[in-house]
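Residue numbers (the working numbering): 3 to 466.
Even glycine gets a Cβ: it sits at the ideal position worked out from N, Cα and C.
Working notes, structure below.
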Ligand code: AMP
């Protein structure tokens, strides 16, 4: 998880990047940074915390330049320290290069050990630095050839932006696991993790960057090339389920509409008799609306979120996470008292949130609490940047659905099936080739079947 944004050829490059990062804030709250390019001079500002904490108007003023890239970070690889804050940038024999990365490399550990043995020195622990070293060592004179050569060594997920003295380069891994879209703002090209940032700055969406595509933006316009002859689409389903903003469109599918449809399918698969439907804000509201509409049961605001508290997972320890849930949500007694309540959530990962909410709803007077989850049980770790943690911590990897129901104290519990989830999004088999099992999505966290090789050690070794 992380958000990236880039803009080329705009006199307000840093200011617009700052607004875009605000729109992408949900993708990472641990740090934020902008690097602007003023005719080959890089101006940067980065820091730990939210976009609003890191930047002031005065700081933005100092970021002179006509192109810029920005990043908001949620640390999946690399501890949350200033050295790991992105964009990273450096000066080397080809000039300046700044890099912003969303995703997670599964072979970063191996590559890093190899590079270190050969004398490379690393400043932080993030996997993105590995890409920087590979580019610096490439024999190619030209930046995009060096970038292409380096990317061919990376495994895992990456939606990356590279800003050199004269170019902005956008690239998506051969599976297109993390989203990345291209847009236009008057004479400027913009690239963003999510289209919601385009709406914020008034840019027009052009298209998604294709899996395995590298787009070069220069003063002469854009050119496109491939980093692989064998792209195979595997868009992360969790972007639709939980992570992305409802007003964003990924691969042409609006996130809110997709979630609402998941809610409808969920009712069809697991109907229930109840008085009121409520969703866990914010990510489950769309699914709850869909469920209620399909069920003909009123949708109500049964749970309220304290909007000044970030996502609970952001806190590192289990103890803090548990306290986080209570700080974050409250039940609306007037809505749930004396009622049979259906509580919709988008996912159960460790089982902490659902248990607390069921409890909260009962304390507020609900007579029955039926939990419906608008995704399948998360049974496997994600290695591509969604922080669903180690398998031992995933409740569905260790308990049956009945045991989970008991654990969270619900009257009934049901999850959406993987088949219905994929049917809802619609299969995207254009890049599947002969593979009959390929749906066009990465469903690894639900099925354990991953689009790339997995090197187990890589996820936790650099960091925990
Ligand atoms: P848990 O309490 O561990 O079962 O987490 C499930 C809750 O966290 C759900 O309400 C989700 O909306 C939310 N969630 C799911 N995946 C993530 C994630 N990777 N990071 C943060 N929150 C998540």
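Inter-residue Cα distance where the pair is residue i and residue j
i	j	result
residue 520	residue 103	Given a span of 3 to 466 for the chain in the structure shown, any question on residue 520 remains unanswerable.
residue 230	residue 152	12 Å
residue 181	residue 174	8 Å
residue 12	residue 64	15 Å
residue 315	residue 241	Bear in mind that the predicted position of residue 315 carries a pLDDT of just 48, short of 50, making it too unreliable to give a figure here.
residue 25	residue 389	20 Å
residue 232	residue 330	44 Å
residue 132	residue 272	46 Å
residue 341	residue 335	10 Å
residue 461	residue 19	Here residue 461 scores only 45 on pLDDT, less than 50, and its place in the model should not be relied on; the value that follows carries that caveat. Residue 461 and residue 19: Cα-Cα distance of roughly 30 Å.
residue 109	residue 454	10 Å
residue 466	residue 392	For residue 466, the predicted model reports a pLDDT of 25, less than 50, meaning its position is unreliable; a value from the coordinates is still stated below. Distance between the alpha carbons of residue 466 and residue 392: 11 Å.
residue 1	residue 444	Because the chain here runs from 3 to 466, residue 1 falls outside it and cannot be looked at.
residue 66	residue 88	18 Å
residue 145	residue 95	10 Å
residue 33	residue 51	5 Å
residue 245	residue 192	21 Å
residue 333	residue 308	11 Å
residue 86	residue 125	8 Å
residue 262	residue 216	33 Å
residue 214	residue 253	14 Å
residue 450	residue 350	16 Å
residue 37	residue 158	25 Å
residue 311	residue 425	34 Å
residue 371	residue 138	57 Å
residue 447	residue 154	25 Å
residue 356	residue 284	14 Å
residue 373	residue 347	8 Å
residue 73	residue 129	15 Å
residue 410	residue 358	7 Å
residue 300	residue 274	13 Å
Residue range of the unbroken beta strand (DSSP E) whose run includes residue i
i	result
residue 437	Segment: none, residue 437 is in no beta strand (DSSP E) and carries neither H nor E.
residue 94	90–94
residue 163	158–166
residue 250	First-last for residue 250: undefined, no H or E at that position.
residue 110	Residue 110 -> not in any beta strand (DSSP E); alpha helix (DSSP H) instead, spanning 110–119.
residue 371	370–375
residue 232	Here residue 232 belongs to no beta strand (DSSP E), and DSSP marks it neither H nor E.
residue 124	Element bounds for residue 124: n/a, residue is neither H nor E.
residue 103	97–107
residue 345	342–347
residue 280	278–281
Cβ separation of residue i and residue j, assumed to be a contact under 8 Å, to the nearest whole Å
i	j	result
residue 467	residue 143	Beyond the ends of the chain as shown, which are 3 and 466, falls residue 467; an answer cannot be given.
residue 17	residue 62	6 Å
residue 298	residue 337	About 18 Å separates the two Cβ atoms, so there is no contact after all.
residue 250	residue 196	4 Å
residue 279	residue 360	Rounded, the Cβ-Cβ distance is 15 Å, inconsistent with contact.
residue 167	residue 265	Incorrect: roughly 49 Å between the Cβ atoms, too far for contact.
residue 255	residue 289	In fact, because the Cβ distance is near 15 Å, the residues do not count as touching under 8 Å.
residue 434	residue 234	7 Å
Bounding residues of the alpha helix (DSSP H) (the contiguous stretch that carries residue i)
i	result
residue 144	Per DSSP, residue 144 belongs to no alpha helix (DSSP H) and is neither H nor E.
residue 21	15–25
residue 288	287–297
residue 456	It is not in any alpha helix (DSSP H) - residue 456 carries neither H nor E in the DSSP assignment.
residue 1	Because the chain spans 3 through 466 in this model, residue 1 falls outside it and cannot be assessed.
residue 332	Unbroken run through residue 332 is the beta strand (DSSP E), 331–333; no alpha helix (DSSP H).
residue 449	446–449
residue 258	257–271
residue 388	Note, residue 388: premise wrong, no alpha helix (DSSP H); not H, not E.
residue 201	198–203
Distance cut-off 6 Å: residue i Cβ against heavy atoms of the ligand AMP
i	result
residue 350	yes
residue 301	no
residue 468	Any question about residue 468 goes unanswered here, given that the chain covers just 3 to 466.
residue 160	no
residue 376	no
residue 244	yes
residue 347	yes
residue 62	no
residue 388	yes
residue 353	yes
residue 383	no
residue 195	no
residue 226	no
residue 285	yes
Beta-bridge partners of residue i, as assigned by DSSP
i	result
residue 219	170 and 224
residue 29	Per DSSP, none; premise fails for residue 29.
residue 153	In the DSSP output, where bridge partners are listed per residue, residue 153 has none listed.
residue 48	35
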